[in-house]
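In the working numbering, the protein residues as written are 1 to 407.
Structure (structure tokens):
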């Protein structure tokens, strides 16, 4: 019967297995993302038994990406970032650079091209918002100075990844992937100015992104809050929820259809603009269940892409990948915090907070595979590294808690 209703069966089986494995992960006091990824592995094409429809799962994952990025935008706080900018900005940029360089080194050792190494390294450099916020919330650290530094650090990482996601498609051919087509008329006009194909693509992309950003900042900042307030004054809670979702999905889809930018960027700006409204907290609360559901499907779809055979075919590469995520990133964060005068407790908290990867890593590496920049093996290493780092992260925090209590 499930073959006749692939969409329903993919959603139902994915959510049910995610629930089961999520319960198991919670029971073991592990981040539930690990459970969702394992649910995807179980229904993926590389394990026996039921195999979910991969194409439908990918489309559901796109919805998950839109709502995840919308949530990132809603959580974005320029004030929080500015309060810790002196440590968060240089720290995040340094950590991204070192982790990316280490990833490039591993990629080159595995015989990949430089472009593949860059995408792979960047995928290892950015921590998971979901994992980090949960760890801080469980310990009541979100409002503490070290918690603010961790959140600000993560905001910088997220902003860098948003820029990277915009730049990868136009630079795809330069990175060794497929060429992303642009409008012939626009490309010809730019070519007449003496620019090469890559430069022309970058210029066209920059113009489109600038146009979209200008529209959102000049028009969206007024229209979106106004629509929210008007909808809220109707007194219909259901209509308000629908309005929030319509704005998130509509802006994401419109940004792609009319400006050629990614769903992720459109959703991020929709959330960021909405965050300026006094109703943003209510919007966040009302859309949380649906965002959680599609975020779960996103992680399940990523798990479906994982080939478990990489565990015994490339164990050394997995160990090095985990070492970069857990060891190199943590060491850089700890060293920078200490160099800037923070105590060992604060430095250790930031190091543990960022010693994992998550949603942005998956979005980035999947894009790299889709554009033929990186081989599928790179995706398997990123998913394996994410699973291990997400499993290890709570242990790092428990060790940190014991040392804090002992002190």
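No residue lacks a Cβ here, since even glycine has one placed at the ideal position from N, Cα and C.
8 angstroms Cβ cutoff met for residue i and residue j
| i | j | result |
| --- | --- | --- |
| residue 473 | residue 220 | The structure shown has nothing for residue 473, since the chain only spans 1 to 407. |
| residue 153 | residue 73 | no |
| residue 150 | residue 397 | no |
| residue 408 | residue 266 | Nothing can be reported for residue 408, as the shown portion of the chain is limited to 1 through 407. |
| residue 10 | residue 53 | yes |
| residue 121 | residue 94 | no |
| residue 14 | residue 297 | yes |
| residue 264 | residue 69 | yes |
| residue 111 | residue 302 | no |
| residue 307 | residue 370 | no |
| residue 261 | residue 209 | yes |
| residue 350 | residue 146 | yes |
| residue 30 | residue 394 | yes |
| residue 156 | residue 89 | yes |
| residue 318 | residue 385 | yes |
| residue 71 | residue 291 | yes |
| residue 281 | residue 228 | no |
| residue 84 | residue 104 | no |
| residue 63 | residue 6 | no |
| residue 44 | residue 305 | yes |
| residue 172 | residue 180 | yes |
N- and C-terminal bounds of the alpha helix (DSSP H) containing residue i
| i | result |
| --- | --- |
| residue 154 | 145-171 |
| residue 329 | 329-339 |
| residue 134 | 129-138 |
| residue 230 | 221-233 |
| residue 36 | 32-42 |
| residue 111 | Element bounds for residue 111: n/a, residue is neither H nor E. |
| residue 258 | 237-259 |
| residue 321 | 315-322 |
| residue 286 | 280-304 |
| residue 272 | 263-274 |
| residue 58 | 54-75 |
| residue 80 | 78-83 |
| residue 4 | Looking at the DSSP string, residue 4 is not in any alpha helix (DSSP H), and its letter there is neither H nor E. |
| residue 370 | 359-370 |
| residue 353 | 344-353 |
Cβ shell of residue i (< 8 angstroms), same chain only, five flanking positions each side left out
| i | result |
| --- | --- |
| residue 389 | 322, 325, 326, 355, 356 and 357 |
| residue 26 | 32 and 35 |
| residue 116 | 107, 175, 176, 368, 373, 374, 375 and 378 |
| residue 234 | 240 |
| residue 189 | Any answer about residue 189 is weak, because its pLDDT of 48 lies below 50 and its placement is not dependable; what the coordinates show is given next. None. |
| residue 164 | 122 and 364 |
| residue 331 | 351 |
| residue 276 | 221 and 225 |
| residue 286 | 237, 240, 241 and 244 |
| residue 309 | 46 |
Chain-order list of residues whose beta-carbon lies under 6 angstroms from that of residue i (same chain, five-residue window excluded)
| i | result |
| --- | --- |
| residue 161 | 126 and 360 |
| residue 348 | 400 |
| residue 205 | 170 |
Residue burial classification, residue i (beta-carbon count within 10 angstroms, cutoff 16)
| i | result |
| --- | --- |
| residue 278 | exposed |
| residue 8 | exposed |
| residue 185 | Reliability fails at residue 185, whose pLDDT of 48 lies under 50, so the model's placement of it is uncertain and no value is given. |
| residue 12 | exposed |
| residue 17 | buried |
| residue 148 | buried |
| residue 170 | buried |
| residue 124 | buried |
| residue 258 | exposed |
| residue 402 | exposed |
| residue 158 | buried |
| residue 345 | exposed |
| residue 387 | buried |
| residue 217 | exposed |
| residue 28 | exposed |
Contacting residues, own chain, Cβ-Cβ under 7 angstroms from residue i (five flanking each side not counted)
| i | result |
| --- | --- |
| residue 340 | 87 |
| residue 336 | 91 and 94 |
| residue 392 | 326 |
| residue 333 | 91, 95, 350, 351 and 354 |
For residue j and residue i, believed in contact at Cβ under 8 angstroms, the rounded distance
| i | j | result |
| --- | --- | --- |
| residue 295 | residue 67 | 6 angstroms |
| residue 328 | residue 102 | 5 angstroms |
| residue 248 | residue 271 | 7 angstroms |
| residue 269 | residue 178 | Contact flag wrong, Cβ pair sits at about 27 angstroms. |
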